[in-house]
Amino acid sequence: MSWLTDFVRPRIQALVGKKDVPENLWRRCPSCDQMLFHRELSENFYVCHHCDHQMRISATQRLEMLFDDGEYERVEIPKKAIDPLKFRDTKKYSDRLREAQTKSNELEAIVVATGLLGGLPVVIAAFDFDFMGGSMGQAVGEGLTISANIANEKKAALITIPASGGARMQEGMLSLIQMPRTVIAVEQVRESGLPYIVLLTNPTTGGVTASFAMLGDIHIAEPGALVGFAGRRVIEDTIREELPEDFQRAERMLEHGLIDMVVARRELRDTLIRIISLLIKKTPDDIEKKNFSSKLNEEAEKNFSDIANEDKTIIG
Amino acid sequence: MRHFLEFEKTIADLESKIEELRHLSDGDGISIAEEVGKLQNQVNKQLKQTYERLTPWQRVQVARHPNRPHSSDYIKNLITDFTPLAGDRAYAEDRAIIAGIGRFRGWSTIIIGHEKGVDTDGRIVHNFGMARPEGYRKAQRVMELADRFQLPIITFIDTPGAYPGAGAEERGQAESIAETIRSCMSVRVPFISVVIGEGGSGGAIALAAANTVLMLEHSVYSVISPEGCASILWRDSDKSLAAAEALKITASDLLGFSIIDRIIYEPLGGAHRDTKKITSIVGDALDEELYELRKLDGDTLKKHRREKFLNMGRANLI
């Protein structure tokens, strides 16, 4: 034991750089139970080398994976959602919220950020499933409408990355009305002629699927992601039948025509860049123009810093 | 056959006494009539007391009452020349949502409503008001028709929720609801919804993203059924009563949050005791609201609807 802790571990830490080494160097794949070396796992986009299982990752990990050089600017969304219903089940909702905030180090189940993707300006709204199951309440709805507004005003593409169990019950009808609210938000992006892309990750269900998440110009899903409206158990209880293993899985949804493509995590960034570029750079000239992206970059950067400042003043 | 709810036992007893007396009316006519009158007064008093202070869970039961007027009752009593329209033009006709054109007080109008069905056969035909994607796609098609001919839209909301079936999932239940909400947000015509019974989650709001949302006094409108909420959050389906309280699903709660615009008060003892009366009250309310909306042009109506929803609930954010 002492040999391991005194000798091997320090050597490994020296090797990979102390700062980046998590407490636990190894992680067990929840799907195939193989032990995976943490650094290899992170290099492989948190996909298991043995069974290709796509591990759950946080919203910020998503953003780092997608934006150019992993650089982005976070957009503030309303800081606190109060507990409008004074909801209490076995626990108070306000306590559940606080716990989720402590656990995740995020204020809500969504992170909105702006930056460049393949040199093109984009706004990304990514869900954190670990924050109360990525459920959509008022703050999440607000995050989505803000991301759409920024995309609109600054002529950027919008990418949403849902990972959610659906509406947040603890906010009652105030969560259900986020469905029409987010539908309007993404519709306005589409009406501006800007690309709106949905990256469906595991799982995307309920009121989230039945609103902004099914209205993309392009629907991309991660392999094996569960995408549906009703929960498996509810359906099985209704039809009194056992559902097949791959029910509501991305590959099956592809067969049923509900998504455009299933894309492995390592290919996501390139795929998104290609699609957005195809939708924005429409002429041979656009591609030829060396300055096309850099000019847009400058504008985008200026615009983004403007909007970030504006937002701060609005939200205070 | 009248159906009594579990909290209506006293009322049920009194009414059965009245029935008995009426059967005996061959004898001493006058004294029986007097007795019936007295009992009827007691019934009315009981009804008033009970229905004045219904708990949220009792309201859920009233909202689901088998005799509660359905969309078809409102159409029968309020719409002339009603011409039903069928099918989504792609896959099937879903009778959980009925749709058509007719005249409301003289005006050509598009009507869309969830229909639960009245008897066992009807309930099966209408799938208990639980729509599949085809029902929502029919609604989209009919909304587009309204937009093209500039006809106002009235929707009647009464569903436990969208149908949770395997086929419904694979034919895009979520997509069909999302697209229907988008249709609601795109039409440039007056659009009014009335929650007449159960407003069950996404399946309900798909037809209720309207300029004006009216709600019957004893209707409920919720993000999830109290039973569903209880089994998820309390892990105990017997906690439906507590869930019904916590979810704030009654008309007065929702008016307080500005999620609905107006409460329509029901006749004594609930809408299910007087279909004719409630349909005419709803008719008058619709007439008043449509009169207001007709003053606005199409683009303003669309903008009004979008802004109304975008601003909804914002006051609760810090």
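Line by line, the protein sequences give chains W and C.
Okay, so the first sequence: first residue is 1 according to our numbering, each after it adds one.
Okay, so the second sequence: first residue is 1001 according to our numbering, each after it adds one.
Quick reminder that beta carbons are idealized off the backbone N, C-alpha and C, glycines included.
From a predicted model like this one, the values you see are computed outputs, not experimental measurements.
Excluding sequence positions up to five away, which residues of its chain have a Cβ less than 7 Å from the Cβ of residue i?
i, result
"lysine 1239(C)", "Ala1230"
"glycine 1129(C)", "Ala1096, His1114, Glu1115, Lys1116, Asp1158, Thr1159, Pro1160"
"arginine 27(W)", "Leu36, His38, Leu41"
"histidine 1126(C)", "Arg1095, Ala1096, Glu1115, Lys1116, Gly1117"
"alanine 113(W)", "Leu63, Tyr72, Glu73, Arg74, Val75, Ile124"
"glycine 224(W)", "Gln54, Asn202, Arg249, Ala250"
Go to residue i, then tell me how far its alpha helix (DSSP H) extends in each direction, as first and last residue.
i, result
"histidine 1304(C)", "1298-1311"
"alanine 1230(C)", "Element bounds for alanine 1230(C): n/a, residue is neither H nor E."
"glycine 206(W)", "206-209"
"aspartate 1121(C)", "1120-1125"
"glycine 1256(C)", "1251-1256"
"alanine 1099(C)", "Unbroken run through alanine 1099(C) is the beta strand (DSSP E), 1097-1104; no alpha helix (DSSP H)."
"serine 1186(C)", "1173-1186"
"valine 1142(C)", "1133-1149"
"arginine 1002(C)", "Premise fails: arginine 1002(C) is in no alpha helix (DSSP H) and is neither H nor E."
"isoleucine 287(W)", "284-288"
"arginine 88(W)", "Per DSSP, arginine 88(W) belongs to no alpha helix (DSSP H) and is neither H nor E."
"methionine 65(W)", "59-66"
For residue i, I'd like the list of residues in its chain whose CB is within less than 6 Å of its CB, leaving aside the five on either flank, ordered along the chain.
i, result
"arginine 1094(C)", "Sequence check: residue 1094(C) is aspartate here, not arginine. For aspartate 1094(C), where only same-chain residues beyond five positions count, the Cβ hits under 6 Å are Ala1131, Arg1132, Glu1134, Gly1135."
"isoleucine 276(W)", "Leu120, Ala157, Pro195"
"valine 1062(C)", "His1218, Gly1270"
"histidine 1065(C)", "His1272"
"methionine 55(W)", "Tyr46"
"valine 263(W)", "Ile220, Thr271"
"aspartate 83(W)", "Tyr93, Ser94"
Does DSSP classify residue i as helix, strand or coil?
i, result
"glycine 1161(C)", "coil"
"alanine 1168(C)", "helix"
"glutamate 73(W)", "strand"
"histidine 317(W)", "Examination of residue 317(W) is not possible in this model, given that chain W is present from 1 through 316 alone."
"arginine 1053(C)", "coil"
"histidine 1218(C)", "coil"
"methionine 173(W)", "helix"
"leucine 1085(C)", "strand"
"glutamate 1198(C)", "strand"
"phenylalanine 1007(C)", "helix"
"tyrosine 196(W)", "strand"
"lysine 1276(C)", "helix"
"glutamine 54(W)", "strand"
"lysine 1248(C)", "coil"
"valine 1314(C)", "With the sequence shown as reference, residue 1314(C) is identified as arginine, and valine is not the correct amino acid for it. In the structure shown, arginine 1314(C) sits in a helix (DSSP, three-state: H, G or I)."
"alanine 1285(C)", "helix"
Give the range of the beta strand (DSSP E) segment to which residue i is assigned.
i, result
"arginine 27(W)", "26-28"
"isoleucine 110(W)", "110-117"
"methionine 253(W)", "Methionine 253(W) -> not in any beta strand (DSSP E); alpha helix (DSSP H) instead, spanning 250-255."
"glycine 1113(C)", "1107-1114"
"proline 121(W)", "120-127"
"threonine 327(W)", "Outside the modelled stretch of chain W, which goes from 1 to 316, sits residue 327(W), for which no answer is possible."
"leucine 354(W)", "Because chain W in this structure spans residues 1 to 316, residue 354(W) falls outside the shown range and cannot be described."
For residue i versus residue j, is the C-beta distance shorter than 8 Å?
i, j, result
"alanine 157(W)", "valine 186(W)", "no"
"leucine 1255(C)", "proline 1226(C)", "no"
"arginine 269(W)", "leucine 25(W)", "no"
"methionine 132(W)", "arginine 96(W)", "yes"
"threonine 1155(C)", "isoleucine 1112(C)", "yes"
"isoleucine 1249(C)", "proline 1056(C)", "yes"
"serine 1222(C)", "alanine 1208(C)", "no"
"phenylalanine 1309(C)", "isoleucine 184(W)", "yes"
"isoleucine 161(W)", "glycine 1165(C)", "no"
Excluding the five sequence neighbours on either side, which residues of its own chain have a C-beta within less than 8 Å of the C-beta of residue i, listed in chain order?
i, result
"serine 294(W)", "Legend: pLDDT at serine 294(W) = 44, less than 50; position of this residue unreliable, value from coordinates given subsequently. Only Gly119 meet the Cβ criterion."
"isoleucine 280(W)", "Leu120, Ala157, Pro195, Asp286"
"arginine 1306(C)", "Met1185"
"glycine 316(W)", "With a pLDDT of 30 at glycine 316(W), under the threshold of 50, the modelled position of that residue is not reliable, and no figure is offered here."
"phenylalanine 229(W)", "Thr205, Gly206, Thr209, Ala210"
Proximal residues, the segment 164-196 of chain W versus chain C, C-beta separation under 7 Å: Residues of the segment 164-196 of chain W with a Cβ closer than 7 Å to any Cβ of chain C, in chain order: Ala167, Met169, Gly172, Met173, Leu174, Ser175, Leu176, Ile177, Met179, Pro180, Arg181, Val183, Ile184, Glu187.
The segment 223-237 of chain W: positions lying closer than 7 Å to chain C by Cβ: Within the segment 223-237 of chain W, the qualifying residues are Gly228, Phe229, Ala230, Val234, Ile235.
Residues within the segment 194-221 of chain W neighbouring chain C, beta-carbon criterion of under 7 Å: Going along the segment 194-221 of chain W in chain order, one finds Gly207, Thr209, Ala210, Ser211, Met214, Leu215 with a Cβ nearer than 7 Å to chain C.
Residues in the segment 90-108 of chain W having any Cβ partner in chain C nearer than 8 Å: Within the segment 90-108 of chain W, the qualifying residues are Thr90.
Near-chain W residues of the segment 1173-1203 of chain C (beta-carbon distance less than 8 Å), N- to C-terminal order: For the segment 1173-1203 of chain C, which is checked against every Cβ of chain W, the residues closer than 8 Å are Gln1173, Ala1174, Glu1175, Ile1177, Ala1178, Glu1179, Ile1181, Arg1182, Cys1184, Met1185, Ser1186, Ser1201, Gly1202.
Cβ-based contacts, 9 Å cut-off: residues of the segment 112-145 of chain W near chain C: Near chain C, meaning a CB-to-CB distance below 9 Å, the residues of the segment 112-145 of chain W are Gln138, Ala139, Gly141, Glu142, Thr145.
Residues of the segment 1253-1266 of chain C whose Cβ lies closer than 7 Å to any Cβ of chain W, in chain order: Correct list: Leu1254, Phe1257, Ile1259.
Positions along the segment 1098-1118 of chain C whose CB lies within less than 7 Å of some CB in chain W: Here the close residues number zero.
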